[in-house]
Each structure stands twice: as C-alpha cells, then as structure tokens.
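Basically my numbering = 1-based index in the sequence shown + 2. Every residue gets a Cβ at the ideal spot worked out from N, C-alpha and C, and that includes glycine. Beneath this line is the structure, given in structure tokens, with notes to follow.
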Amino acid sequence: MRPVRSNLIVPTLLLLTIAHSLTALASPAPENDALVADHSLTAAIAKADQAGFAKLLDPESTWTDRTGKTRSKQEILPVLASLAADSDADVKVIDAGPIVLIHGNRRIPAQNAAVRFLRVWVKRPQAWQLLIYQETNKAEKNPEKRSGFGAPSNGQPVACENPCKMVPYKPDTTAEQEVVSMWQAVERTVLTNDVEAWTPNFTDDFIFVTPDGGSPLNKADRVAMITELRRTNTTLIPAEVSSMKVWVLGDAAVMRSEHKPLHGKILHVTRLFEKHNSHWQIAFGQQTWIE
C-alpha cells in the first residue's frame, strides 16, 4: 500500500473548508428574506400599490394603529394611502427562525405623531408574509409612573381566575397550549412578585414596549420593578384576557391578545416567544391602549 502524502491533505481540507464557507454564504439567513419582504412592504405603502401590498399580507394579518384600532387584511387595503410614514429609525430585528420581528420608531407626518412600531413576519410555504403590524404612541419623555402592569389590589384578596387559571381561548395544538400555559405561569409569578420564578421565562435580551410611550424596558428593568413591588408588599392584579390568538411555527410563537384591566383602557398586546432547551421564553412584548 502506498502511503498517503501529507502535503496533499492540507490543500484538500482547505478546499473543503472554502467550499463549506461559500455554501454558507450562498444560503441566506431567514432574516434576510424577511427583510427583503419588509422593504417591499414599505415600498408598496409609499407607492400606494394595493396589489403589491396585499400580496405581502398573511390571510390572518392585522394592522393596529397607535389608537389601538385593529383592522383585518380586507379592512386595511382600502385605506392604504393613509399608512404613509417617514423612514423607519432605530430599527432592530429579532430573528426567531420562521418568525422575524422588526421593531423601531417612525413618524407619521399626516398625524403629527411619533410611534414605536413592530412588524411580525412569518415564513409561509410560498413566501414571507406580514402577520402583525402594531403601533404604540412614542412619548417625548418618559412618564414618571410606567403603565401596563396591572392594577394595585390595595390589600384586597385576589382570585385571578382570568388569566391565572383560565383564558377565553382554546388552543388548536399541543404547542399552542404549551405557550398559553407558560404565559399563564408568568402571570402568576407577577401576581406573587416571585421574581426568581419570573426571570427564567424571558430571554436575556427581552424588550417590552409599554403603552405609556416611554422608553422600552429590558429584562433588568422588569426585575427591578418586580423586586420593588415585593419590597413594598404591593400586589398588582393582572388584566383579564378578553381575546387571544396564538401561532406556533417550529420553535417560535406569536401571541396576539386584548386585555381588560381592573381600571383604565383595554390593551392590545403582541408577544414573541422562543423555545430554548425545550422551554418557552418571551423575547418581546408590545402594548397599545385602545382609545
């Protein structure tokens, strides 16, 4: 048997490494395709291209403006011209595989308003499609007291049937039930100010857009808030769920829901979930008051 020449092995391995790298570069990340679709969407809005716009919307797509008014795909098409806005700013992308969430800020000149927006794209067999668009008013400065966390119980007993024990939504799949049950468990930790149990249910880069228009909160902000509630022995009553819908695509999920707090306005909420090591975590949340 002739010995293998070692000086041939290195070039061969090098060529294989280069070929693998080129293959990886040639295979676009899910995020890239979603961003192409997102750019096409904003271009269609700018041109009032109703056909191009409609093609990018999922059949279950909803569009929620800064006043909390939610329109279906059929309802948003006739008012396409009114959706024009300035270019997006401070854009960030959360790539959850078959779900990509894009969020940032934008101005709506016709309304003289600034908003925080999110666009949730889902990978369908034929193409990426927009499932959810949502706006929340952007305040000029942070409010002294943040909103969107439930009403104080003022020392009264709290039963919390809805949402802690039940919600008016019947999941279609086991995966949807897992997401709903995980979220209900989170609500119970908030009710009891159990920050140690709350923390593992959120990704480290979790972002929360509150309805008061203040700067988005991160995981550390929420931990500090819950810790302070426990220190002052303050119980917040979670807002009841009035409607809910969950979509699960692989190891990512989206929850769209509306909540009626004990006091104040109804909230429209979108949440993004990611599954890591067999455990669902919340990666993003945004709330909008329904005026």
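Quiz item: Should His-261 be labelled buried (16 or more other beta-carbon atoms within 10 Å of its own) or exposed?
Solution: Buried, because 16 or more other Cβ atoms sit within 10 Å of the Cβ of His-261.
Exercise. Quick one: give me the first and last residue of the alpha helix (DSSP H) that Ile-78 is part of.
Key: Residue range 75–78 is occupied by the alpha helix (DSSP H) that includes Ile-78.
Self-check item: For Ala-53, the first and last residue of its enclosing alpha helix (DSSP H)
Solution: The continuous alpha helix (DSSP H) containing Ala-53 extends over residues 52–57.
Quiz item: Would you call the CB atoms of Ile-134 and Ala-86 closer than 8 Å?
Solution: Their beta carbons are not under 8 Å apart, which means Ile-134 does not touch Ala-86 by this criterion.
Exercise. For Pro-111, count neighbouring C-beta atoms within 10 Å of its own C-beta (all shown protein chains included) and say buried if the count is 16 or more, exposed if not.
Key: So Pro-111 counts as exposed.
Quiz item: Looking only at C-alpha atoms, which of Phe-119, Ser-217, Ser-149, Pro-165 sits nearest to Arg-109?
Solution: The residue from Phe-119, Ser-217, Ser-149, Pro-165 with its alpha-carbon nearest to that of Arg-109 is Phe-119.
Self-check item: Val-93 vs Ile-101 beta-carbon contact at 8 Å
Solution: Ile-101 sits away from Val-93, with the two beta carbons spaced by 8 Å or more.
Self-check item: Range of the contiguous alpha helix (DSSP H) that encloses Glu-178
Solution: Taken as a continuous stretch (DSSP letters only), the alpha helix (DSSP H) holding Glu-178 covers 176–193.
Quiz item: Pick from Ala-226, Asn-144, Lys-247, Ala-241: whose alpha carbon is nearest that of Arg-190?
Solution: Answer by Cα proximity: Ala-241.
Quiz prompt | Thr-212 versus Ile-239 - alpha carbon distance | solution = Taking the straight line from one Cα to the other gives about 17 Å.
Quiz item: By a C-beta neighbour count over all protein chains shown, 10 Å radius and 16 as the cutoff for buried, is Gln-288 buried or exposed?
Solution: Sixteen is the threshold: when 16 or more other Cβ atoms of the shown chains lie within 10 Å of the Cβ of Gln-288, as they do, the residue is buried.
Exercise. List the residues that DSSP assigns as beta-bridge partners of Met-257.
Key: Beta-bridge pairing links Met-257 to Val-248, Arg-273.
Quiz item: Where Trp-282 and Lys-143 are concerned, what is the direct C-alpha to C-alpha distance, given to the nearest angstrom?
Solution: One Cα belongs to Trp-282, the other to Lys-143, and the distance between them is close to 33 Å.
Quiz item: What do you get for Ser-63, buried or exposed, if any count of 16 or more other CB atoms within 10 angstroms of its CB means buried?
Solution: Around the beta carbon of Ser-63, 16 or more other beta carbons lie within 10 angstroms, which makes this residue buried.
Quiz item: Which ranges does the alpha helix (DSSP H) cover as unbroken runs of at least 4 residues, wholly within the stretch 189–243, from first to last along the chain?
Solution: Entirely contained in the stretch 189–243, the alpha helix (DSSP H) runs reaching 4 residues are, in chain order, 197–200, 221–233.
Practice problem: Assuming Met-184 and Asn-203 form a contact by the criterion Cβ under 8 Å, report the distance between their Cβ atoms to the nearest whole angstrom. | Solution: Taking 8 Å as the upper bound for CB-CB distance, Met-184 and Asn-203 are in contact here, some 7 Å apart.
Exercise. For Met-257, count neighbouring Cβ atoms within 10 angstroms of its own Cβ and tell me buried if that reaches 16, exposed if not.
Key: The residue is buried, with at least 16 neighbouring Cβ atoms inside 10 Å.
Quiz item: Can you tell me the Cα-Cα spacing of Ile-284 and Phe-210, whole angstroms?
Solution: For Ile-284 and Phe-210, the gap between their C-alpha atoms comes out near 10 Å.
Practice problem: Would you give the residue range spanned by the beta strand (DSSP E) that Ala-285 belongs to? | Solution: In the DSSP assignment, Ala-285 falls within the beta strand (DSSP E) that extends over 281–291.
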